[in-house]
Every structure is written in C-alpha cells, then in structure tokens.
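Chains as they are written, first to last, in this note's numbering: chain L, 1 to 339; chain F, 340 to 1132.
A short write-up of the structure that comes next.
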C-alpha cells in the first residue's frame, strides 16, 4: 500500500508537469484528490490494514495529499500567470497613438498672469479692491494731485464722456475710493481695465490693464515699499532677479520711483531685448503724497503709505515673449490655446 | 532732451567717467538717461585727404583720377565722379575697408579699368547736411574748409563729429532740467564736482531801448513777465562751427546766427527766446494782449490760424505777430535783410499756453516748455546771454537798456525741514549736516528750520518733496529693504470667489477665455438686429473717440462675442468655444456714472457644438455654482437669436439671461458662414440666486424602484411641462427623472412625439413596495393626461 501511494505521487507529479490547460488541471485534481479519486480509493482500503501499519500509511497518505495539493496549487499559479501573460501580450497598444482628452478650455493669458500676481499679493496680506471704469474726473485726476491743465494730463491722453466724467486712465482712482471708505490699516491691490486714446499698434492699445497697489498704516516707510515690491518681483520672476529703484515723478506720490528689473537676457550688459539699457521697467511706485492722504481724510501726520501701479500687458508680453499687443484682443483660438 | 557732453563740460567737469558711468549715475540720481550716442561712431577709416593731383579718366568723360595725400608719405589713388574737386583741396577720403553711416562699406575696386582705393565723400555720405556746413554744397564732394587740417587726420576730429550726445527723459515736474545748465547742476551734485555757471557779460552797448520800443502787457495774468532787449546793425550769416555742432548734437537744425542764438539760449538756460524784426513792430510798441475774437495770424509754418480771446498774442499797435509762447508769425521773422531785432524773453501762464497749443494743434518746443510753468527769474539771464552771444559772434551791436515788465509774484516758499520725519518716512538715518549739504548744493537756502528752495524749483512745495531730494542724492539703492509691519488678512470677497468659480467651471467644460474691448460701435446694435427703439441703444458715449468702432461703451456684451467668433471663423479656425466675463455699462438717469454690470457670455461654433451642447454647459455652470431651480422657456422675439431656438433663463421672477442660436441675418452681418450659439448670463443676478450650501445628505439605506414611462403627446408640448407634471404628481419619492428618448416619425402620428422617461423612486425610511411604485406611476399618468400626454401603447 505504501508503494501504491508513492506510485500515485509519482504519477501525479508526472502528469501535472505536462499540463498547461486549466481544465485538464481540474480533471487531474479530481482524479487524484477527488471523492472518487485514486488517493481516496486507497484510503478506503485502510480498514484492511493492521494497527501498526495504519498510522504509517495514514501519515504517508497525508504527505502524498499535501504534496499533490502543493503541486496542483503551484501549477494553477503557473497556468494563471501564463494565461495572463498571453492576454497581456495580445492586448498590447501602440502607446504612441494620441491620447483621448476631455476638452479643456484655458484662461486668457492676461487672466493667467493676473491670477499669479493676485496670489502673490494675497500671500502678503493684500485684499482685492475694485472701482468703476467710467470714472469721475475728480477721482481719476484731481484727488490725485492732478488739477485741470496739469501737464501730467498730457501724458495720459484721456477719453472724455463729459467735462467731469472720463474713462479712467489709470487704476489709481481706486486708491482714493478705498481711502475714502476704509480707515487704515489698508493693504489692497486693484486690478482692472484702463483707457487711453492711443491708436492701436503692436505696442499701444486704447484699452489695457493695470494693477494698482496701496498700503497705508502708521510708520509705513519707503524701505517697506522697496521690501514689498522687491519680494513681488522675486516671486514673479524668480529669486535670482536683480531689481533697482530709480527716481521718477508721479503727481500723487512723493518720493516717486520706477522699478526696473535687470535684463534676463543680457544681465545688465545691454542687448536688443532691453534696448541696450540693461534694465527693463516693470512698475511705477512711490510714497503716497501727503496731499492725497489729506484729500481722502487721512491725517498725513499720523499715517503714511505707499502705492504702485503695474502694467499687466507688459509683464505678460515679457513672460511669453509676445511681441504684439493686438494678439490679446484678437482672441484667435490658436493664440489662446498656447497658454 | 538731448545733451551735448562738450557743451556740458562748459559747466561741470565729468571727464573722469565713461559715458556709461555717466548715464547710470544720472539715471540713479533722477535724470533718466534713455541712451547715448557717440557722434560719428558709424564712420571708420575715413580721413582728411589733400588732393595732390587730379587728371581726367582716360575712358570716361565725367570721372577724374585723384592722387590723395593721406599723410602716409605715399599718395592713394581714388577715382571720383564729382566735378567740384581741385588740386590742393582738403576732402574726406574713405580708404579701402572703411565704414560710412547707414552701414555702407567701402572697398577698393576698379572704375572703367582704373584702380580706385577708396571714395571721396559728400556731406550726405557722412550723414551731414548743408545746415551743418553752410559753405559746402549738397551735390558734390565736401571740400573741407576748417583750420589746422592735416592729411591723414580722422575725419571725426577734423569736422567736430566727436561729441557724445546723451538723451534724457525729463519728468514734467522738472522743466529746469530741460537745459544744459539744469543738467549740469544735477551732474555737479551727482558726481560731487564744482558747478561753473557765470552771469553773462555784455561788453558794449549803444543807445537806449526805451527810445525805440515800448512794451505794454494788458493781460498780466497770462504773462507774468516780459523782458526785451534790442540789437542793431545785425549781420545775418551762419553761426560758427562750435555753435552749429552743439545745436546739431542737441537735435536742433542750425539756421542762421540770430535764430541759432535764440535756440542756443533755450537749450542752455531752458528759456525759450524769440527774435522779432524791429521794422515790423508797427508804432514801435509791443502789446501783449488777449487775441480778438476771430483775429487771424499766419504762423511761421505758413498756416493761417484763427484765434480766440482766451489766447495770448504778441502784437504791435496794428496786428498780432506771434501766438505767445507757441509760435511766431510768418512776416515778423528774421530774414537776410533784417537790421534791428528785438529779443523777447518772457514768462507765460503755463495752463494758458497748454490750452492754446492744444486748441491750435501746434505743440512746439517752446510751448512744451512754457506749459510746465517756467521760472520768471530766468528771463533776464537768458536775454543777457543772448546779447553776450551776439557780441561773441559779432552778429550785431547791443542796444543799451532793457525793458522788464514784471507782474510775477514771487513769494518766498518756506518748507519746514524735519530731519527726523524724513528719516522715518524714508526708512533711513541721514545726519542733519548731510541733509544741509545736499540741499545747499541744490541751491536751496537753509534758514533756521526752514528750507527756501530756489525760484527755478517750483516743484519743491512740501516736506515730502524735500524728502525726495534727500533720498535721491543719498541713493535710492542705499535705502534698506524691509517688510511691512503688522498682520493683514488677504482674501477674496465672496463675489470674487464666485467669479473665480465661473472661470474654473467654464474652462473645465472646454471654453477658452477671451478679452474684448469694452467700447463698441453704435452700428453694432444694428448688426445684432436690435430695433431702433431698443433700450440697449441708450449708452455711455465717448466724446473724443479714436473712431466710430470704439465710440460707445457697450450695453450688451453679445456683439463683442460675435466679433471674436467672426474673427476666428474668418481666420479659418474650424471650431471655437469661448467665454468672457466682461462689464456692460448701463446709463442711470440722474447719475453721472453708469452702472457697470459684469456679464458672462459664452459663444461657440463648429461641428461638435449645437444648442444643446451650449445649454449643457450653462446647466452645468448653474448647478456647480449652486443655482437651483432655473427654468428655460422658449423666447421667440429676441431679435438676435433664431426665433425657434432661443430660451430665456430665469429663476423665479429673476431673469438670468438668454441662450440661443444666432439669427441667420446676424450671422450674415458678422460674415459667419456656419451656425453659432451664444448664451449670456448676468453675473450679479446669478450671485444673488445662489442657494446656500447644503449639508450632507446620508447615503440611501433602502433600495430604489425604477419605472420607465413612454408617453405620446403633441409635438408642441415642451418636455419641461411633462417633467414638471410628473414631479408634482409623484411627489417626494421621485429621486431622479431622466429623459432618455424623444421620437418623431413613422411610428407616431404626425404632429405628435413619443417621449420616454426613466424614473428612480425611493423612500428614505423604508423599502418601497411595488404597489407604492405603481401607484406613483398611476398618479403621474393621470396628471399627464390632463395636459394631453398619454401612455404610449
């Protein structure tokens, strides 16, 4: 009987080795281990054995069962793997075929960069203020220290609705409106559309966007202005950016400055991109003129502040090397798709 | 402002710095340099040559073969076609391998078989004109007549083409820097060098101006000061080379000695000057008065100008001869036969000059200066400088005496000097002594705790102005960099967040954002078919538009979207799906400013787009924004849209906007040759109808029953009616209702349609029985029958 068991084990091993079909494997399992299988048939004869032989045979029978079971499991795993392998091979794709995407629209490049600018200033604690585009002359000019017939009005060719109503030429009137409504501390940016009567060409548009900024509090200094705007430029253009503040003149700030960033292309040596200057103008800024604070009902002896104005188109054009302003307002989808 | 560095060196010595260092330092102290140019830098290897020998070309009847002495001991042979060259002449010789302005390169070659080792140059080939060298001729070789010429000498040094010209951008508050002396003052402080401005000296005078001329200023408000001096026995001729060179470097064309002197003084002192021919001053009297209504004057540019009484003129007893501060008259100008002149050095009201120049459409160099309000104190030194130059140039004899009609009120301005405040304001720590030093060099007086600025610095009014003077000479770059103190909470407002959501949702659905002009043409209202009495036509009108296309502020954003769709269609883009959030500007009666309302406009064309794809986007937008219970109802009378394919979108009683296929006529107006779809939503109205955010709803614990309904009804019955009826009839257990088929055709009667719904029914607290579900369907069918829909058998 012991021999018979060993024979079964050998036979099973032999027949299993050749199997590759899962159906055949199942047949073999039934043949050797099933209720009517060969092993069961032998175990059924156990009763005819002597008391000494029975445990030996029993033990061997169990060993043989376990061994065959292991072989079958192992084979089953092999077969499964082989089947899967075959399936995987048959399912191979040309992965270089184009992907299928849900259609996805895109933000206008001006919005895309504006959102970035907003995030930078939100992170520095600025809120976002708004004001009308059709604006009173008072807010656009007079409250900003630019009386009628001031020569500074010449540099901003204005669209007039009536004697007292203009299309705002700058976002600065939002400064005044904010200061009228809100007591310091004030920390806002005011992005928006501005209008100047410039005929359309590659670098001029009668409509463009500015981002105004205003900070008013006790003891705000020009050093704070430098710190804030330098941080902005580094966030926008990268930590390695080199900036300089250069004296300038705006009627509603004093002292006034323009911020230049060192040319990314020539690093200050002068090249075509920066028109040989080595620097590229980014924004205008300055300490809020005490007259402006007074006009808005804020005591310049108690408070001080700074303001700045950024031309959005200019920074977007630089970001993407866009050389024609008109592209922004033509809205060709082949242009819009690039951002 | 173009500055000649040679001229600047009369007043301050900055020879120790390179042009680049000069430009950088001046820029950083507040006088922005736009660029600089070395004169003659385009010219290379061109020398002074002396014509040693000249013979006719054997094979040409118009060319000559010249042997040119260029100082090397060996003559150079050059062939020329010019007819004005003679032996012994000094000429500009461009040698083999030389460069001329405009990128012209000269190499040796053969002309009709004769070797030519370069080229003799004309004025224009050197980038010059006869205004620069009046003794030369235009079409011929430039025969140089200058002292101390040496063969072989660089042409630049021989003819004074060796100046450096620096271009400044001067801000409107600093008219004093629109002059050589003003910039010299800034340079002297910037480089800490002495400033060398001397008062002009007139050596000899004859007679007395008062016996020849009277000046009457009848409009002192417009002319705070009028100063005149006279010169007689004028000898009109070209001015000397040094003056012509400096004028040229400053971008001013030399004319003749008297005109050049007035321009020279304007550039040097910043004071525009005018010279009249005395013989045209009728009655020997200059009257500075307002123009008479309708008075005319032919200005120097030959244009007849009609004047108005708000303009100031310089006149004699009979007629006006100049528009004050703007331009002189044609007849009174300096001519070759001028014998006696009057120099006018005046100060006019800046605003008045500005308005006059603008009205007459003639901005001149003088008006650009006067409108910035010049310093009345400069009138006298300027006129004296002009007389000094007359003597220097031997252009005439200065008449004794001076007429000075001075109505200017020159109050001494006192500004408190508060060093602590300045240091705190700027964030620096500059000692008081240093502040005194800077201010003194700026020619401010320090009197106790006050600063008294010089008369030419009318921009200094406030202690903040003083702080800027300190800051710019201390150095903006030395001001520390600090962070703003205090905490602040930067955040978006709910409206701003709402707008951001709209952007996100629409982009996620495949729409590209566009940006269009806020102004449109009033004709666009016709293009979108609006009737003549449409309220949209009442809009904010720009009084000085660039053109009709951008002349009114839009009251609807639809034309802007159609423009963009049209442009894309005509650029042959196969499809476009776009949106914009943009304002419309609605006039409000009784208010100076219009209401500015943000609108969300969507537009699309192309194969994969139709009414329902756009509607799907709108529905998804509204759903994600949390705007529930919107209704779309057919709108047949919107003139812009297809009458059978347009819906009004409303929620309760509030209109949110409309959606539709664009009317074929409108498409034609926009040259769009395919169907296009536009939806427009009012952002404010949408924001006001958001349903407050809902809490969490537990997942269902009990199974749902589903039922399908196939209905037959009139084709005209909107499915929204069916759906509403089913919802009401089934009640709370209706979890979901989905339209899955609409059929018209052979299987149904003409004029009818078959509509199939799938209903999901569920109770929150129990398993719904089949009986309950069937009862619900029965209720629905009963209600549907009452509106004319029956179950399809």
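Each residue gets a CB set at the ideal place from its N, CA and C atoms; glycine is no exception.
Positions of the beta strand (DSSP E) runs, each at least 3 residues long and wholly inside the segment 725-772 of chain F, are given as 742-745 in order along the chain. Residue contact check for residue 203(L) against chain F: no CB pair falls below 9 angstroms.
Nearest Cα to residue 644(F) within the set 628(F), 1081(F) and 667(F): 667(F). Between residue 424(F) and the set 797(F), 943(F) and 479(F), the nearest pair of CA atoms involves 479(F). Nearest neighbour of residue 957(F) by Cα position, chosen from 514(F), 911(F) and 1017(F), turns out to be 1017(F).
Closest in alpha carbon position to residue 740(F), among 898(F), 547(F) and 732(F), is 547(F). Among the residues facing chain L, residue 559(F) is not included, as its CB has no counterpart in that chain under 9 angstroms away.
Taking all protein chains in view, the Cβ of residue 97(L) is surrounded by fewer than 16 other Cβ atoms within 10 Å, so the residue is classified as exposed. Residue 1120(F) sits in a helix when the DSSP states are folded into three classes.
Less than 9 angstroms divides the Cβ of residue 529(F) from the Cβ of residue 364(F). The C-beta of residue 227(L) comes closer than 9 angstroms to at least one C-beta of chain F. Its Cα nearest to that of residue 285(L), the residue 250(L) stands out among 314(L), 294(L) and 250(L). Distances from the CA of residue 647(F) to each of 593(F), 683(F), 1115(F) and 631(F) were compared; the closest alpha carbon is that of 631(F).
In this structure, DSSP gives residue 424(F) a state outside helix and strand, which the three-state scheme calls coil.
If you look at residue 909(F), you'll find it in the alpha helix (DSSP H) that goes 897-909. Nearest to residue 926(F) by C-alpha distance, out of 218(L), 134(L) and 211(L), is 134(L). Interface annotation for the segment 114-143 of chain L against chain F: 115, 118, 121, 122, 123, 124, 125, 126, 127, 128, 130, 132, 133, 134, 135 and 136, criterion Cβ-Cβ distance under 9 angstroms. Residue pairing of residue 304(L) in beta bridges, as defined by DSSP: 217(L).
Setting aside the 5 residues that flank it on each side, residue 555(F) is surrounded in the same chain by 626, each with a C-beta closer than 6 angstroms to its C-beta; the list follows chain order. Burial of residue 593(F) is indicated by the presence of at least 16 other C-beta atoms within 10 angstroms of its C-beta.
The C-alpha of residue 904(F) lies about 11 angstroms from the C-alpha of residue 897(F). DSSP, read as helix, strand or coil, puts residue 602(F) in helix. Across the set 735(F), 650(F), 1107(F) and 655(F), the C-alpha of 650(F) shows the shortest separation from the C-alpha of residue 699(F). Of 503(F), 772(F), 804(F) and 738(F), the smallest CA-CA separation from residue 755(F) is found for 804(F). No Cβ-Cβ contact shorter than 9 angstroms links residue 918(F) with residue 891(F).
Residues 440 of the same chain have their beta carbon placed closer than 6 angstroms to that of residue 466(F), with the five preceding and five following residues left out of the count.
If you ignore the 5 residues before and after residue 257(L), its C-beta comes within less than 7 angstroms of the C-beta of 245, 246, 247, 248, 285 and 286, all in its own chain and listed in chain order.
For residue 330(L), same chain residues with a beta-carbon under 6 angstroms away, outside a window of 5 residues either side, do not exist.
Secondary structure note for residue 610(F): it is in no alpha helix (DSSP H), with a DSSP letter that is neither H nor E.
In the assembly as shown, residue 47(L) is an exposed residue. Its beta-carbon has fewer than 16 other beta-carbons within 10 Å. Across the structure, residue 406(F) and residue 391(F) are spaced so that their CA atoms are roughly 5 angstroms apart. For residue 426(F), the closest of 874(F), 1118(F) and 393(F) by C-alpha to C-alpha distance is 393(F).
Note that the segment 852-868 of chain F does not touch the segment 962-972 of chain F; fewer than 3 beta-carbon pairs, one per stretch, sit closer than 8 angstroms. Residue pairing from DSSP places residue 858(F) in a beta bridge opposite 892(F). Taking the Cα of residue 729(F) as reference, the smallest distance to any Cα among 914(F), 928(F), 577(F) and 344(F) is reached at 577(F). In the pairwise beta carbon analysis, the segment 1054-1070 of chain F is classified as touching the segment 1118-1127 of chain F: at least three pairs are separated by under 8 angstroms.
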